[in-house]
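Chains as they are written, first to last, in our numbering: chain S, 1 to 333; chain D, 1001 to 1359; chain B, 2001 to 2125.
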């Protein structure tokens, strides 16, 4: 679920005097990248009738009968190049989330907003939230300047693991490089579809760099990623590893096995085939009942709800795992 | 080793001959560019030394180095021994691997180099063996200069398609490339895109990776981006006769790309009002793909299942990718469970339909 | 059946010889003073395994650590699969993986080798 990205109007109270005045003088209202990733009036950004206030989210939760919900605030803070401002802003967003969202209802949890490409600053923010169990994972946009397996991020991974939080890689983000290997796309549709291959790159990096070996407790959850791209990636990574292992000798386990153990994937958007039989085959190829976690991605719009898409093909046991058990295990709920 | 049991005749849709040295182009270059090459050589501002530590020298099979010297793919006699005569190969489509470097230079230099590369291919390969055909190498980032090179070769039936690198400066659907598509379409030549290239971008959407493992395993990301771009920018609405061949990108991801594109199209239809059909229909109509590196799903039966889901039985083109290390052996790569009819189509029938000038 | 494939001293240390016996091609290797024989065929796609490089065992305690040991991994010239020359087991031996998803035919065929009366002898059943 998402809390709308706050601007200075919302989080100003949580900024110190210097930054409040800085923002005032600059006419800075909010990180501009948010509207690039989620154009406010785009059909995918908001389902009809959605209310993204805390009350609206809670009403949706009541309707779902959810026992817990993680609120992810895609804040755009990663696009702020002044690292001190970015870190201050991230802190402010987290304080705002705690005070003005989490305080509303015991069911709510949140992702820790950080500036990913300042691993030390991000680690400090993770430590700052560590004592508050309502902050359940470290929210990272899937787009980045360098993929998250790179050793330069390890202070952040270390903090996440030390404080028992998974990394949560989420649709979107803003970085200095194009969101594709081949330059800047034109249409939003291209970015929307193409986000899938950025998740591929991130998983490939986490595997190749040995992040899962270096941090045996590291867990990762993918949000708003889809999962139809995952089985082909598993096959390809295994195939490559058998021949190229010597380059990355710390990878001692087949990548597919590591991913199944350490990575969880939210179900929305369901980017599988339109037919139930095809979806059943896709689930079979995922190769693990522990992989998927339920998400509504409210208030974003998707073609099919979880019930519509996967309802016809999941057994009651798998349904329970997806709706509850897999996430409960991941977050220690 | 000669193993020909149950193999029909084969059209190998992706083979790489290679220059043992860029100096071999000198006789084919105008003096100005021969001197330029001598003084400055080919340069790669975006990728100084990246992945130079890759575990396979030249990314080739270690047994493909010709005993008489030179580089893998540099010696026609040795290529005959290891490939053309080792299996029932009826025709080979050469995709000059030097296109990845020559085609990526600044455009004036690239135009001269790729023209010389095509001339060298013609004289020292195509004219030496009737089984050989080639792709037309072009300067990737200037569509006008590229179109001129295509026009130069278009009447020659031994050149069967236009070759660009998959890693380009802009996504291939971008209008800057359209003049090339116009000429390709007008001449009935497919556009092929192949792994490689120095487009000047980081090679993933999340920045530079560290290892060749990531580089190599990451190629599908580039192909996915290119397919999305070509479809969504409306290239096929503008050029309804254009055919596109995906070479060496894998194909297990293609059903997913169609599902996700169709899903997004339904939601975002307004944004792309210029598109007349849903993406999966466009993809099925306009795309072909080579089979190498063959997908190796965890269960063998998932490969025929996957091909079924793909719904493009007439579009799979068998390729070995000789002499690269991820080469597919003709007698091993395609499982017998696909059945003789489909195997026959993949081994040769589909390629003959796509490239009518193959004898 | 025993087959003489070479005489003692014919194969150099670290080297190999290809022979055809009992209808199959075999590579005979001399590594650290011991003889090994493997089928000249990679179980992956049938590549010429015994023409591959004999590489060092490479192990690692974690990212950034590369511990190179003795040369006893035969690497297929094609896709780079590594086989322990002593056992024929592939380095990513499925038996080592916690979940056995792969078929077991991922070992290179090996044959016992002995030196008898200055001859190198391979036993093939």
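Every residue, glycine too, gets a C-beta built ideally from N, C-alpha and C.
Check	Outcome
Taking residue 279 (chain S) as the reference, which of S:304, S:300, S:297, S:296 has the closest Cα?	S:304
Please say whether residue 1198 (chain D) and residue 1167 (chain D) have beta carbons closer to each other than 8 Å?	yes
Any C-beta of chain B within less than 9 Å: which residues of the segment 187-218 of chain S qualify?	209, 210, 211, 213, 214
Quick check on residue 1258 (chain D): buried or exposed, where buried means 16 or more other Cβ atoms within 10 Å of its Cβ?	buried
Which of helix, strand or coil does DSSP assign to residue 1158 (chain D)?	coil
Establish whether the CB of residue 124 (chain S) and some CB of chain B are separated by less than 8 Å.	no
Nearest by alpha-carbon distance to residue 293 (chain S): which of S:233, S:327, S:315 is it?	S:327
Just the chain B side, please: which residues come within less than 9 Å of residue 249 (chain S) by C-beta, in chain order?	2058, 2059, 2060, 2065, 2066, 2067
Is the CB-CB distance between residue 262 (chain S) and residue 310 (chain S) below 8 Å?	no
So, does the CB of residue 2091 (chain B) fall closer than 8 Å to a CB anywhere in chain D?	no
On the premise that residue 2030 (chain B) lies in contact with residue 2011 (chain B), defined as a C-beta separation below 8 Å, what is that separation, rounded to the nearest angstrom?	5 Å
List, in chain order, every chain S residue whose beta-carbon is nearer than 7 Å to that of residue 2080 (chain B).	243, 244
Pull up the DSSP beta-bridge partners for residue 1317 (chain D), would you.	D:1290
Could you tell me which of S:322, S:195, S:299 sits nearest to residue 43 (chain S), measuring between CA atoms?	S:299
For a test of the three-state rule: what should DSSP assign to residue 1238 (chain D), helix, strand or coil?	helix
When you compare only the Cα positions, how much space is there between residue 134 (chain S) and residue 95 (chain S)?	12 Å
The alpha helix (DSSP H) with residue 305 (chain S) in it runs from where to where?	Premise fails: residue 305 (chain S) is in no alpha helix (DSSP H) and is neither H nor E.
Closest Cβ-Cβ distance between residue 283 (chain S) and chain D: below 8 Å?	no
So, is the C-beta of residue 1235 (chain D) closer than 8 Å to a C-beta in chain S?	no
Of all Cβ atoms in chain B, is any one closer than 8 Å to the Cβ of residue 151 (chain S)?	yes
Per DSSP, residue 1134 (chain D) is paired with what?	D:1094, D:1159
First and last residue of the alpha helix (DSSP H) that includes residue 54 (chain S)?	54-64
Alpha carbon to alpha carbon, how far is residue 2114 (chain B) from residue 1068 (chain D)?	36 Å
Do we get a CB-CB distance below 8 Å when we pair residue 115 (chain S) with the residues of chain D?	no
Taking Cβ to Cβ, would you say residue 266 (chain S) is nearer than 8 Å to residue 315 (chain S)?	no
Just by C-beta distance, which residues in the segment 1055-1067 of chain D are closer than 9 Å to chain B?	1055, 1056, 1061, 1062, 1063, 1064
Within the continuous alpha helix (DSSP H) that includes residue 1014 (chain D), where are the two ends?	Taken as a continuous stretch (DSSP letters only), residue 1014 (chain D) belongs to no alpha helix (DSSP H), being part of the beta strand (DSSP E) at 1010-1015.
Using the Cβ count rule (16 or more neighbours within 10 Å means buried), how would you classify residue 1328 (chain D)?	buried
Measure the alpha-carbon distance for residue 1196 (chain D) versus residue 1220 (chain D) and round it to whole angstroms.	12 Å
Counting Cβ pairs, one atom from each stretch, are 3 or more of them under 8 Å apart for the segment 1300-1309 of chain D and the segment 1335-1348 of chain D?	yes
Return yes when the C-beta of residue 1120 (chain D) is under 7 Å from any heavy atom of the ligand COA, and no when it is not.	In the structure shown, the ligand COA is absent, as is every other ligand, since no ligand is present at all.
Secondary structure at residue 141 (chain S), three-state DSSP: helix, strand or coil?	strand
Starting from residue 2082 (chain B) and walking both ways along the beta strand (DSSP E), at which residues does that stretch end?	2082-2084
Count the other CB atoms, across all protein chains shown, that sit within 10 Å of the CB of residue 2065 (chain B); report buried if there are 16 or more and exposed otherwise.	exposed
I'd like the span of the beta strand (DSSP E) that includes residue 42 (chain S), first residue to last.	Here residue 42 (chain S) belongs to no beta strand (DSSP E), and DSSP marks it neither H nor E.
Could you tell me whether the segment 1346-1354 of chain D touches the segment 2002-2010 of chain B, using the rule of 3 or more Cβ pairs below 8 Å?	no
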